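A.B. asks: Got a structure for you, written out below as structure tokens; questions coming shortly.
In my numbering, the protein residues as written are 63 to 211.
So, in structure tokens, the structure goes:
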């Protein structure tokens with residue numbers, strides 16, 4: 063009988079990504095505000111081609127059991143330079159440098175914002191319904207572009 067080798071965590075992750083092309087994940091924390099908020103749900107695609115400006119899911123370079131969501135700003139020698147949309151939150155390449163390509167796992171395709179408890183009025187539900195499901199594109203949010211620099 064042939065012995066089957068034990069898979070490392072990275073190999074299991076690649077194997078899972080090969081089978082599960084799409085997955086739903088929840089956002090925690092404020093680093094991607096105004097694009098993403100704490101409690102938003104994301105539809106992510108594993109193995110998708112990443113381009114500058116895309117929002118991506120990656121393994122934290124120093125805590126690889128921690129998955130983070132950031133914007134891939136540019137490709138550099140050695141991997142991707144990733145940034146948080148909220149410049150005051152930190153926790154991006156300005157703290158830990160270039161992220162190796164193999165740590166970038168998935169590209170965010172869409173965002174779903176759940177209905178909040180205080181959105182019970184007719185107007186609140188209508189505005190939620192209009193904005194609850196949105197694609198996440200490489201373009202930065204309008205509020206980011208209008209902010210004074």
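C-beta atoms are modelled at their ideal positions from N, C-alpha and C, and glycine is treated no differently. Computed from a predicted structure; not experimentally measured.
From residue 126 to residue 171, what does the alpha carbon distance come to, in whole angstroms?
C.D. replies: The alpha-carbon atoms of residue 126 and residue 171 are separated by roughly 23 Å.
A.B. asks: Where are the alpha helix (DSSP H) runs, 4 residues long or more, that stay fully inside the stretch 99 to 175, in chain order?
C.D. replies: Counting only runs of 4 or more, we get 155 to 158.
A.B. asks: Taking the Cβ atom as the reference point for each residue, do residue 174 and residue 145 lie within a distance shorter than 7 Å?
C.D. replies: No.
A.B. asks: What do you get for residue 197, buried or exposed, if any count of 16 or more other CB atoms within 10 angstroms of its CB means buried?
C.D. replies: Residue 197 comes out exposed.
A.B. asks: Any heavy atom of the ligand FAD inside 6 Å of the beta-carbon of residue 117?
C.D. replies: This structure lacks the ligand FAD, and indeed carries no ligand of any kind.
A.B. asks: Output needed for residue 190: all residues of its chain with C-beta closer than 6 Å, excluding positions within five of it in sequence on either side, in chain order.
C.D. replies: Excluding sequence neighbours, residue 190 sits near 177 and 181.
A.B. asks: Start and end of the beta strand (DSSP E) containing residue 198?
C.D. replies: Run containing residue 198: none; DSSP gives neither H nor E here.
A.B. asks: Quick check on this structure: which residue in 91, 129 and 99 has the alpha carbon closest to the alpha carbon of residue 152?
C.D. replies: With distances taken between Cα atoms, residue 152 lies closest to 91.
A.B. asks: Beta-carbon of residue 115 versus every beta-carbon of chain C: anything under 7 Å?
C.D. replies: The chain inventory of the structure shown lacks chain C, comprising one protein chain alone.
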